[in-house]
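Beneath this line is the structure, given in structure tokens, with notes to follow.
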Amino acid sequence: ILDRTGIIIDIFNIHAKSNESKKQVELAKLEYMLPRLTRQWSHLERQMGGTGTRGGPGEKQIEIDRRLIRREIDKLKKDLSKISQSREIQRKKRNEAVCVSLAGYTNAGKSSLMNRLTGANVYIENELFATLDSTTKILDLDISQKILLSDTVGFIQKLPHELVASFQTTLSDIKRADLILKVIDSSYSNLSMHIDTIEKTLKELNSSTINSIFVFNKIDLIDNKQMKVLLKRYPESIFISCQDNSGIDYLIEYIKNSIRERYIQKTLKIKYSQLNYINDIYENLDVLKRQDKENYILVKVEGSKEKIKWIQSKLKT
Numbered sequence: 005i006l007d008r009t010g011i012i013i014d015i016f017n018i019h020a021k022s023n024e025s026k027k028q029v030e031l032a033k034l035e036y037m038l039p040r041l042t043r044q045w046s047h048l049e050r051q052m053g054g055t056g057t058r059g060g061p062g063e064k065q066i067e068i069d070r071r072l073i074r075r076e077i078d079k080l081k082k083d084l085s086k087i088s089q090s091r092e093i094q095r096k097k098r099n100e101a102v103c104v105s106l107a108g109y110t111n112a113g114k115s116s117l118m119n120r121l122t123g124a125n126v127y128i129e130n131e132l133f134a135t136l137d138s139t140t141k142i143l144d145l146d147i148s149q150k151i152l153l154s155d156t157v158g159f160i161q162k163l164p165h166e167l168v169a170s171f172q173t174t175l176s177d178i179k180r181a182d183l184i185l186k187v188i189d190s191s192y193s194n195l196s197m198h199i200d201t202i203e204k205t206l207k208e209l210n211s212s213t214i215n216s217i218f219v220f221n222k223i224d225l226i227d228n229k230q231m232k233v234l235l236k237r238y239p240e241s242i243f244i245s246c247q248d249n250s251g252i253d254y255l256i257e258y259i260k261n262s263i264r265e266r267y268i269q270k271t272l273k274i275k276y277s278q279l280n281y282i283n284d285i286y287e288n289l290d291v292l293k294r295q296d297k298e299n300y301i302l303v304k305v306e307g308s309k310e311k312i313k314w315i316q317s318k319l320k321t
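In case it helps, my numbering puts the sequence shown at residues 5 to 321.
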């Protein structure tokens, strides 16, 4: 008999499409099965008329099964580690981009919002965990910064530990975001539970301090009275409908302003004795202009305040 975790893993298994998500689900399934082997064999022995005591027919088989499962778990972890390293290389290549991530309860409309903002064709279905793989698309908002928008697996109340651990590589897109859009289904009856789940999951991912805002989706499904209640209760939030485009322009302006607040332009003076820092500048900032003078180099750069401050501290030493 499957418990809640087992049922959720089964649902994940149905929707796993990529090689990565299949490995993540398989890892979660094996870690879920491992501590339950003894119970399964004890139950089988009782059905066969055995006593279930130490040394029964299931005892040796349990040890064999455990060994095989642990071996497969180790292999899957190594495979996922390689995928994670590959992701890290890709991130370094696109280091100049601003990362905006969609987070939210499953079926809140994150994929619909991704499609609305980017013109992408991400799979949409009115069902739990329709999206398991992290999808990243370019978000063109007609500003100088390159923006990447990521949509990943939906959250759920009391998300089983096995799944959080197994999906670390997919969820890492949230952990590295510059801005998180926390998407909520406005029409859901228990909004506080969804909000609490999002906050707890982000905290578990060590992402609760990242700049974020609640985006209440599906406002086309609620009446004026409900809308007034939401506006009063969550005044610092954004309210949208991917169905009729309500609030999308406002959300786009919010994203633009959030990026402008964090990204600045500076002219840096680099002595020739500090040329060892030039690679750091090109890797972490967008170099708009370079002038090679007789005793130093002037570079006009654009980037986040944090990264520019970090480079400036290096140049002062």
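By construction, the Cβ of each residue, glycine as well, lies at the ideal position given by its N, Cα and C atoms.
These figures come from a predicted structure and were not determined experimentally.
Identity of the residues DSSP links to residue i by a beta bridge
i    : result
E306 : Q269, D290
Q295 : L302
D155 : L106, T139
N221 : D189
I274 : I301
I242 : V219
8 Å CB neighbourhood of residue i in its chain, flanking five on each side removed
i    : result
R70  : L38, L41
S250 : I223, D224, F243, I244
Y254 : I242, I244
Own chain partners of residue i with C-beta closer than 6 Å, once the 5 adjacent residues on each side are dropped
i    : result
K304 : T271, L292, K293
M52  : Reliability of the predicted coordinates at M52 is poor, the pLDDT of 42 falling under 50, and no value is obtained from them.
L206 : S212
I312 : K270
E131 : Its pLDDT being 48, under 50, E131 is placed unreliably by the model, and nothing is read from it.
Q247 : D224
Q295 : L302
Beta carbon of residue i nearer than 8 Å to that of residue j
i    : j    : result
G113 : I202 : no
V29  : I259 : no
S196 : L225 : no
D155 : S211 : no
L121 : L152 : no
L31  : L80  : yes
L319 : Y286 : no
N283 : G307 : no
I274 : I252 : no
I188 : V233 : no
L84  : K141 : no
I77  : E24  : no
L235 : L209 : no
N299 : Y276 : yes
Beta-carbon proximity list for residue i, same chain, < 7 Å, skipping 5 on both sides
i    : result
Q149 : V102, I263, Y267
M118 : L106, A124, V126, T139, K141, L153, D155
Counting only runs that start and end within the segment 101 to 128, where is the alpha helix (DSSP H) found for 4 or more residues in a row?
-> Every alpha helix (DSSP H) stretch that sits fully inside the segment 101 to 128 and reaches 4 residues is listed by chain position as 114 to 122.
Taking only runs of the beta strand (DSSP E) that begin and end inside the segment 182 to 218, which ones reach a length of at least 3 residues, in chain order?
-> 183 to 189
Validate contact between the segment 181 to 190 and the segment 207 to 221 using beta carbons, cut 8 Å, 3 pairs = yes
How about the segment 261 to 277 and the segment 236 to 245: do they share at least three Cβ pairs that are nearer than 8 Å?
-> no
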